[in-house]
């Protein structure tokens, strides 16, 4: 059974940085496009960044130039480097395939506040 475990969230001031990690188990990883999704309070979950098996990336407009997605296929891990964080980035962040097909993990909470 596929498992996704996200980590790296926390409380950060506006303008700060965080690096999220997602460890994937099973056969989900090496051939799948992977993505980071987020769900803010009262809002639907949205895809913010994705990366194909060969490293092509796509970002939603609100995070372009600030977030960077990367993957390490040898470690079955996908990362999200988040810089210049804004209060509107506050959300629970999840990873999954793109389009999503695995069970959602517990996510990792990112809070951007002074």
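In my numbering, the protein residues as written are 420 to 533.
A virtual CB, placed ideally from N, CA and C, is assigned to each residue, including glycine.
DSSP three-state assignment for residue 429, whether helix, strand or coil: Residue 429 sits at position 10 when you count from the first residue of the chain shown. Residue 429: strand per DSSP, three-state reduction.
So, is residue 522 buried or exposed, given that buried needs 16 or more other C-beta atoms within 10 angstroms? Taking the first residue of the chain shown as 1, we reach residue 522 at position 103. Under this definition residue 522 is an exposed residue.
Is the beta carbon of residue 449 closer than 8 Å to that of residue 492? Within the chain shown, the letter at position 73 stands for residue 492. Within the chain shown, the letter at position 30 stands for residue 449. Result yes, Cβ atoms of residue 492 and residue 449 sit closer than 8 Å.
Rounded distance between the beta-carbons of residue 524 and residue 511, thought under 8 Å: To locate residue 511, count along the chain shown from 1; it is residue 92. To locate residue 524, count along the chain shown from 1; it is residue 105. Incorrect: roughly 10 Å between the Cβ atoms, too far for contact.
Spatial neighbours of residue 427 within its chain, please: CB distance less than 7 Å, with the 5 preceding and 5 following residues excluded, ordered by chain position. Residue numbering aside, residue 427 sits at position 8 when the chain shown is read from its first letter. Within the same chain, residue 427 has close Cβ partners 437, 438, 439, 440, 527.
I believe residue 452 touches residue 517 by the beta-carbon criterion, under 8 Å. Please report the beta-carbon distance rounded to the nearest angstrom. Here residue 452 is taken as the residue at index 33 of the chain shown, counted from 1. Here residue 517 is taken as the residue at index 98 of the chain shown, counted from 1. Rounded, the Cβ-Cβ distance is 4 Å, consistent with contact.
Would you tell me roughly how many angstroms separate the C-alpha atoms of residue 464 and residue 457, rounded to the nearest one? The count along the chain shown starts at 1 and reaches residue 464 at position 45. The count along the chain shown starts at 1 and reaches residue 457 at position 38. If I take the Cα positions, the gap works out to 5 Å.
Look up residue 511 in the DSSP assignment and give the residues it is bridged to. Against the chain shown, residue 511 aligns to sequence position 92. DSSP output for residue 511 lists 458, 528 as bridge partner(s).
Test item: CB-CB of residue 466 and residue 474 under 8 Å: The sequence position of residue 466 within the chain shown is 47, counting from 1. The sequence position of residue 474 within the chain shown is 55, counting from 1. Cβ distance not < 8 Å, so residue 466 and residue 474 don't count as in contact.
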